[in-house]
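*Asks:*
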Amino acid sequence: MKKCIFTFLFFCVSIFQLAAQYTTPNTGVDWTLDDIAIASPTTITISGSTYTLLENITVSVNDILRIPTNLTLQIEAGLRITVFGSFLVEANATTITAVNQANPYDGFRFEEFSVINIQNATIEYGGGLQVLTEDFILNNSILQFNIAGVATGGVVAFSRGIPEITNNQFLFNATPAISSAANTQVSAYIFNNYLEGNNQTNNNRPQINMGATRTLDTLKIIQNTIIGDRTKEQVGGIAVANLVGGALRVIIEDNIIKDNRYGMTIVGPNAFGRIKNNIIEDNNTQNNPNLGGSGINLNAPTGGQEIVASGNKIRRNLWGVTLQGQSNANFGDDQDNPGLNVFSENGNSGEIFALYNNTPNVLSAKNNCWVEGGEGTLAEAETVIFHQVDDPSLGEVIFDPINCEILGLDEITLENFVFYPNPATNSITFDNVNSFEKLEIFGMQGNVISSQKIVSGTNRISLSLPSGIYFTRFSNEKSQVIKKLLVK
Numbered sequence: 412m413k414k415c416i417f418t419f420l421f422f423c424v425s426i427f428q429l430a431a432q433y434t435t436p437n438t439g440v441d442w443t444l445d446d447i448a449i450a451s452p453t454t455i456t457i458s459g460s461t462y463t464l465l466e467n468i469t470v471s472v473n474d475i476l477r478i479p480t481n482l483t484l485q486i487e488a489g490l491r492i493t494v495f496g497s498f499l500v501e502a503n504a505t506t507i508t509a510v511n512q513a514n515p516y517d518g519f520r521f522e523e524f525s526v527i528n529i530q531n532a533t534i535e536y537g538g539g540l541q542v543l544t545e546d547f548i549l550n551n552s553i554l555q556f557n558i559a560g561v562a563t564g565g566v567v568a569f570s571r572g573i574p575e576i577t578n579n580q581f582l583f584n585a586t587p588a589i590s591s592a593a594n595t596q597v598s599a600y601i602f603n604n605y606l607e608g609n610n611q612t613n614n615n616r617p618q619i620n621m622g623a624t625r626t627l628d629t630l631k632i633i634q635n636t637i638i639g640d641r642t643k644e645q646v647g648g649i650a651v652a653n654l655v656g657g658a659l660r661v662i663i664e665d666n667i668i669k670d671n672r673y674g675m676t677i678v679g680p681n682a683f684g685r686i687k688n689n690i691i692e693d694n695n696t697q698n699n700p701n702l703g704g705s706g707i708n709l710n711a712p713t714g715g716q717e718i719v720a721s722g723n724k725i726r727r728n729l730w731g732v733t734l735q736g737q738s739n740a741n742f743g744d745d746q747d748n749p750g751l752n753v754f755s756e757n758g759n760s761g762e763i764f765a766l767y768n769n770t771p772n773v774l775s776a777k778n779n780c781w782v783e784g785g786e787g788t789l790a791e792a793e794t795v796i797f798h799q800v801d802d803p804s805l806g807e808v809i810f811d812p813i814n815c816e817i818l819g820l821d822e823i824t825l826e827n828f829v830f831y832p833n834p835a836t837n838s839i840t841f842d843n844v845n846s847f848e849k850l851e852i853f854g855m856q857g858n859v860i861s862s863q864k865i866v867s868g869t870n871r872i873s874l875s876l877p878s879g880i881y882f883t884r885f886s887n888e889k890s891q892v893i894k895k896l897l898v899k
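What follows is the structure in structure tokens.
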């Protein structure tokens, strides 16, 4: 009997330990981590600017948890922060990490109607951010080495609203970087983020993986850099799909998408999209043309998909553009769409496929350059376009006229200009073969941080910049090139 009583007591103590947590009193108080440490010393301990979380925290609906000063918050394995009220990270540099990197914490759950604003934070070795609220801002932060925890679909997983994800870095996380569920409606603003090597578990998911959008609001994926890990052959760049119902309104514009399994795909009916001015290159890591590898893939099992594409540069993917089902796309016409898409060396099995129209629909694709650096003739274009001429059951691609004058030699040269390393720490190096005379570095708000003269030949420029995202402008009297700079 004594042994049974002891076992029962041990079981009860174990359950208590597992459930231990601190809940703010729901009295409208604006809390800091110091306040919680005073109110509950068993929840948070402090050593200098390092805070250690020892129990789960729940922020009640009328309360605020605020981080106004620079600090490091270490979280014990398996713990979660749940927010019904507000969570505001306002400091210039906040690090949220695990006590032991080998034993991640469970992550953050932001409940519906909570207010979340996270600035300048490094969030690592946790289980991600499950975002159930519409009121969400994540800016100028680094999210790295996170795993599946409270958030399983992505490091930041959304369920509703118009969240803002701007100027962040998503680096080598186990899951996709940004996601929304297939049965939700999310029209996020995803702007100027750098993504590299996400979905390290190598599941068949892209780095940005979004479902249906709100009916009247547009999902915007603009000016992001999405670089794959070439050892992870299952991971795509961008996917937007509404196969379980709902609308799909999307703008994908000014992104750089490289070294993924595929560049981007839009899947489902009732879809309207604009794909503009993206650089989509070398998305061929799986190297199996039967399973993917398109720069752009459009797939509508039923009708109602209308996509307009212009100004994209699509190079060295297994396929340039592929259309399936009942997709209806416009790659250039005589009215509102100038075309100006550029294709180069997209192919597999010894053949080049700039565009493969595997639908019965007629496709307007005028004023594009089908073989970059080629002759620019209709006959040449015909050799890299698969359509009704090749299979009578397919729709025709109308590609006359061709416009290969949009890229002159100077523009190609400038586009290939690079500096390294990027991300950088304390310096960058470049070969100034373009005879640029000046280098300017701009902040995210367009403010000039530094300006200096540069010379011909190899230049090494010292940096003294906080971690973040910047823009560089290399220029002379005749030309200029703008490149994104990441500082670690």
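In my numbering, the protein residues as written are 412 to 899. Built from N, CA and C at the ideal position, the CB exists for glycine as well. If you're wondering where the values come from, they're calculated on a predicted model, not measured in any experiment.
#1: Measuring only the C-alpha atoms, how far is A835 from I686?
#2: Do S705 and D744 have their C-beta atoms closer together than 9 Å?
#3: In this structure, how does DSSP classify Q891 when only helix, strand and coil are distinguished?
#4: Write down the C-beta distance between N579 and I553 rounded to the nearest angstrom, noting that I regard them as a contact closer than 8 Å.
#5: Name the residue from T508, Q555, D446 and N437 whose alpha carbon lies nearest to the alpha carbon of S471.
#6: One question on the structure: do L582 and Q541 come within less than 9 Å of each other, judged by their Cβ atoms?
#7: From what residue to what residue does the alpha helix (DSSP H) around D445 run?
#8: Using a Cβ distance threshold of 8 Å, determine whether the segment 783 to 793 contacts the segment 732 to 750, with at least three qualifying pairs required.
#9: Considering only the beta carbon of each residue, do L465 and T454 sit closer than 9 Å?
#10: Report the residue ranges of all beta strand (DSSP E) runs contained in full by the segment 474 to 508; include only those spanning at least 3 residues, in chain order.
#11: For N911, count the other beta carbons within 10 Å of its own beta carbon; 16 or more makes it buried, fewer makes it exposed. Which is it?
#12: Which class does A588 belong to by DSSP, given the choice of helix, strand or coil?
#13: Need the endpoints of the alpha helix (DSSP H) that L554 sits in, please.
#14: What does the Cβ neighbour count give for T626, buried or exposed, with the cut at 16 atoms within 10 Å?
#15: In angstroms with no decimal places, state the Cα-to-Cα distance between V651 and K631.
#16: Restricting to runs no shorter than 3 residues, where is the beta strand (DSSP E) found entirely within the segment 604 to 669?
#17: Enumerate, from N- to C-terminal direction, the unbroken alpha helix (DSSP H) stretches of 4 or more residues contained entirely within the segment 756 to 805.
#18: So what's Y536 in DSSP terms, helix, strand or just coil?
#19: Of the choices Q485, V661 and E756, whose alpha-carbon is the least far from that of F358?
#20: Taking V510 and E487 to be in contact with their CB atoms under 8 Å, please state how far apart those CB atoms are, rounded to whole angstroms.
#21: Enumerate in chain order the residues of its own chain whose CB-to-CB distance from I839 is below 6 Å, with the five nearest sequence positions on each side excluded.
#22: Residues bridged to V732 by DSSP?
#23: Starting from T676 and walking both ways along the beta strand (DSSP E), at which residues does that stretch end?
#24: Report buried or exposed for P617, applying the criterion of at least 16 other Cβ atoms within 10 angstroms of its Cβ.
#25: I'd like the span of the beta strand (DSSP E) that includes F602, first residue to last.
#26: Which of helix, strand or coil does DSSP assign to V844?
#27: Starting from A568 and walking both ways along the beta strand (DSSP E), at which residues does that stretch end?
#28: Check for me: the beta strand (DSSP E) holding T434 runs from which residue to which?
#29: Do you know how far the Cα of V661 is from the Cα of A711?
#30: Where M412 and R491 are concerned, what is the direct C-alpha to C-alpha distance, given to the nearest angstrom?
#31: Taking A720 as part of the beta strand (DSSP E), name the residues at either end of that continuous run.
#32: Nearest-angstrom Cα distance between K643 and I668?
#33: Using alpha carbons as the reference points, say which of N827, A562, L789 and N620 lies closest to I809.
#34: Which of the three DSSP states is assigned to F882 in this structure?
#35: Tell me the DSSP bridge mates of T469?
#36: What's the C-alpha gap between G518 and A562?
*Replies:* Judging by the given coordinates:
#1: Here residue 835 refers to the residue found at position 424 of the sequence shown. Here residue 686 refers to the residue found at position 275 of the sequence shown. For A835 and I686, the distance between alpha carbons rounds to 30 Å.
#2: The residue given as residue 705 occupies position 294 in the sequence shown. The residue given as residue 744 occupies position 333 in the sequence shown. Taking 9 Å as the Cβ cut-off, S705 and D744 do not qualify as a contacting pair.
#3: Position 480 of the sequence shown, counted from the start, is the residue given in the question as residue 891. In this structure, Q891 counts as strand in the three-state DSSP scheme.
#4: Translated into positions along the sequence shown, residue 579 becomes position 168. Translated into positions along the sequence shown, residue 553 becomes position 142. So it is a contact: roughly 7 Å between Cβ atoms.
#5: Here residue 471 refers to the residue found at position 60 of the sequence shown. Checked all of T508, Q555, D446 and N437; the closest Cα to S471 is N437.
#6: The residue given as residue 582 occupies position 171 in the sequence shown. The residue given as residue 541 occupies position 130 in the sequence shown. In this structure, L582 keeps its C-beta atom at 9 Å or more from the C-beta atom of Q541.
#7: Reading the sequence shown from its first residue, position 34 is the one you call residue 445. Per DSSP, D445 belongs to the alpha helix (DSSP H) from L444 to A450.
#8: no
#9: As a working note, residue 465 is residue 54 in the sequence shown. As a working note, residue 454 is residue 43 in the sequence shown. In this structure, L465 lies near T454, with their beta-carbon atoms less than 9 Å apart.
#10: 475 to 478, 482 to 486, 491 to 494 and 497 to 500
#11: With the chain represented from 412 up to 899, any question about residue 911 goes unanswered, as that position is not in the structure.
#12: Against the sequence shown, residue 588 aligns to sequence position 177. Assignment of A588 by DSSP, reduced to helix, strand and coil, places it in the coil class.
#13: Within the sequence shown, numbered from 1, the residue matching residue 554 stands at position 143. Not the alpha helix (DSSP H): L554 falls in the beta strand (DSSP E), residues I553 to Q555.
#14: Counting from 1 along the sequence shown, the entry for residue 626 is found at position 215. Per the 10 Å Cβ criterion, exposed.
#15: Residue 651 sits at position 240 when you count from the first residue of the sequence shown. Residue 631 sits at position 220 when you count from the first residue of the sequence shown. Going from the Cα of V651 to the Cα of K631 covers about 11 Å.
#16: Entirely contained in the segment 604 to 669, the beta strand (DSSP E) runs reaching 3 residues are, in chain order, 605 to 607, 617 to 621, 630 to 633, 636 to 638, 647 to 652, 659 to 664 and 667 to 669.
#17: 789 to 793
#18: As a first step, residue 536 is located in the sequence shown; it is residue number 125 there, counting from the start. Three-state DSSP puts Y536 in coil, outside helix and strand.
#19: Since the first residue of the chain shown is 412 and the last is 899, residue 358 is not available in this structure.
#20: Translated into positions along the sequence shown, residue 510 becomes position 99. Translated into positions along the sequence shown, residue 487 becomes position 76. About 5 Å; that satisfies the 8 Å criterion.
#21: One-based indexing of the sequence shown puts residue 839 at position 428. F830 and I872.
#22: On the sequence shown, residue 732 is found 321 positions in, with the first residue counted as 1. V732 is bridged to I707 and L766.
#23: Walking along the sequence shown from the start, residue 676 turns up at place 265. M675 to V678 is the extent of the beta strand (DSSP E) around T676.
#24: On the sequence shown, position 206 is the one that residue 617 refers to. Answer is buried; the Cβ neighbour count reaches 16.
#25: Taking the first residue of the sequence shown as 1, we reach residue 602 at position 191. Segment Y600 to F602, the beta strand (DSSP E) holding F602.
#26: The residue given as residue 844 occupies position 433 in the sequence shown. The answer is coil: DSSP assigns V844 none of H, G, I, E or B.
#27: Sequence index remark: in the sequence shown, residue 568 carries index 157 (1-based). Segment V567 to G572, the beta strand (DSSP E) holding A568.
#28: Walking along the sequence shown from the start, residue 434 turns up at place 23. Looking at the DSSP string, the run of the beta strand (DSSP E) that includes T434 is Q432 to T434.
#29: In the sequence shown, residue 711 corresponds to position 300, counting from 1. In the sequence shown, residue 661 corresponds to position 250, counting from 1. Inter-residue distance for A711 and V661 is about 15 Å (C-alpha atoms, whole angstroms).
#30: For the purposes of this step, residue 412 is identified with residue 1 of the sequence shown, where counting begins at 1. For the purposes of this step, residue 491 is identified with residue 80 of the sequence shown, where counting begins at 1. Residue placement at M412 is poorly supported in this model, since its pLDDT is 42, which falls under 50; the coordinates still yield a value, given next. M412 and R491: Cα-Cα distance of roughly 38 Å.
#31: Reading the sequence shown from its first residue, position 309 is the one you call residue 720. Per DSSP, A720 belongs to the beta strand (DSSP E) from Q716 to S721.
#32: Working through the sequence shown from its first residue, we reach residue 643 at position 232. Working through the sequence shown from its first residue, we reach residue 668 at position 257. About 15 Å.
#33: Within the sequence shown, numbered from 1, the residue matching residue 809 stands at position 398. Nearest of N827, A562, L789 and N620 to I809, Cα basis: L789.
#34: Indexing the sequence shown from 1 puts residue 882 at position 471. Three-state DSSP puts F882 in a strand.
#35: The residue given as residue 469 occupies position 58 in the sequence shown. Per DSSP, T434 and T493.
#36: As a first step, residue 518 is located in the sequence shown; it is residue number 107 there, counting from the start. As a first step, residue 562 is located in the sequence shown; it is residue number 151 there, counting from the start. Cα to Cα, the separation comes out at about 7 Å.
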